[in-house]
Amino acid sequence: MNSIHFSLMQIDYFVTIAVAQMAAAALARNIARVRQHITEFPTMAGFNRIPGNCKIVSVEEGRVRVEMDVTANQLNPVGTLHGGCTATLADIFTTMALIATPRGLPGVSVDLHCSYLSAAKEGETIIIDSQVIKSGRSMAFTRAEFLKKSDNSPIAVCLHTKAIVEPKKKQEEETK
Numbered sequence: 001m002n003s004i005h006f007s008l009m010q011i012d013y014f015v016t017i018a019v020a021q022m023a024a025a026a027l028a029r030n031i032a033r034v035r036q037h038i039t040e041f042p043t044m045a046g047f048n049r050i051p052g053n054c055k056i057v058s059v060e061e062g063r064v065r066v067e068m069d070v071t072a073n074q075l076n077p078v079g080t081l082h083g084g085c086t087a088t089l090a091d092i093f094t095t096m097a098l099i100a101t102p103r104g105l106p107g108v109s110v111d112l113h114c115s116y117l118s119a120a121k122e123g124e125t126i127i128i129d130s131q132v133i134k135s136g137r138s139m140a141f142t143r144a145e146f147l148k149k150s151d152n153s154p155i156a157v158c159l160h161t162k163a164i165v166e167p168k169k170k171q172e173e174e175t176k
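Counting in UniProt numbering, the sequence shown runs without a single skipped number right up to 176 at its last residue.
Structure follows, in structure tokens:
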């Protein structure tokens, strides 16, 4: 009986290792997806073009840091980074942080709350630090911090809640 128990323990160990390796491979693929997606922003249409030529600072599991220069098309009438632009950037980069996880699902917005702490002017370089705070089966909670690169002073903090929706193909397989 001990040999059977030992064999089951070995099987469990190897299954655990295999699952961890699959998760690591999925994470690596998803981080590569995020890096590729960010480099394509300048050529995208609509709101996804807003980040423009942002530069990747780092991409790791559940976290994306980029820097970008504030440009004229991102300003409000008083010449500072538009609040709507800030919210859009928070949406985009918290989604990128969510994709940079083993599951790699972007989700859809449920709630986005931004607190605006100071202004950024045209030509200033800002850092956007986006991270997944918690991700469950059906909901994810993320945060984006906007900082001036020159002195690390805060510009805005946004909390973004997303519903995680499985791709249609996977949903159909589960209902069979």
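All C-beta atoms, glycine included, are put in the ideal place defined by N, C-alpha and C.
Excluding five sequence neighbours on each side, which residues of the same chain lie with their C-beta closer than 6 Å to the C-beta of MET1?
Because MET1 sits at a pLDDT of 49, beneath the cut-off of 50, its placement in the model cannot be relied upon, and the following sentence gives the value as read from the coordinates. The beta carbon of MET1 sits closer than 6 Å to no other beta carbon from its chain once the five residues preceding and following it are set aside.
Alpha-carbon to alpha-carbon, SER138 and LYS169
Those two C-alpha atoms are separated by around 17 Å.
On a Cα-Cα basis, can you pick out the residue from THR94, ILE126, PRO167 that is closest to SER153?
Here the closest residue by C-alpha is ILE126.
Ignoring anything shorter than 4 residues or poking outside the UniProt domain "Thioesterase" (79-152), list the alpha helix (DSSP H) runs there in chain order.
The UniProt domain "Thioesterase" (79-152) contains these whole alpha helix (DSSP H) runs: 83-99.
Rounded separation between PHE93 and ILE164 - CA only
Near 16 Å, if we compare the C-alpha coordinates of ILE164 and PHE93.
Leaving out five residues before and five after PRO106 in sequence, what residues of the same chain have Cβ atoms less than 8 Å from its Cβ?
The beta carbon of PRO106 lies closer than 8 Å to those of THR95, LEU98, ILE99, LYS162 in the same chain, with the five residues before and after it left out.
Hey, quick one: how far does the beta strand (DSSP E) through ALA72 stretch, first residue to last?
For ALA72, no beta strand (DSSP E) run applies, since DSSP gives it neither H nor E.
Would you kindly report the start and end of the unbroken beta strand (DSSP E) that includes CYS54?
CYS54: not part of any beta strand (DSSP E); DSSP gives it neither H nor E.
Give the C-beta separation of CYS114 and ALA90 to the nearest angstrom, bearing in mind that I take them to be a contact with Cβ-Cβ under 8 Å.
Sure, about 6 Å apart at Cβ, within 8 Å.
Cβ contact check for the region 50-68 and the region 132-149: 3 or more pairs under 8 Å
Enough Cβ pairs lie closer than 8 Å, so yes.
Please report the Cβ distance between ILE128 and VAL66, rounded to the nearest whole angstrom; I am assuming they are in contact, meaning their Cβ atoms lie under 8 Å.
About 5 Å; that satisfies the 8 Å criterion.
Note down the Cα distance separating GLY46 from ALA25, rounded to an integer number of angstroms.
If you draw a straight line from the Cα of GLY46 to the Cα of ALA25, it is about 32 Å long.
Among all the DSSP beta bridges, which residues are the ones paired with ARG63?
DSSP, once it has assigned bridges, lists GLU60, GLN131 as partnering ARG63.
Opposing strand residues paired with ALA163 [DSSP bridges]:
In the DSSP output, where bridge partners are listed per residue, ALA163 has VAL108, MET139.
For SER109 and HIS160, which I take to be in contact (beta-carbon distance under 8 Å), what is that distance rounded to the nearest angstrom?
About 7 Å separates the beta carbons of SER109 and HIS160, which is inside the 8 Å limit, making them a contact pair.
What's the C-alpha gap between VAL70 and ASP12?
Between VAL70 and ASP12, the C-alpha separation is close to 52 Å.
Would you report the Cα separation of GLY123 and THR16, rounded to the nearest angstrom?
Roughly 50 Å between the two C-alpha positions.
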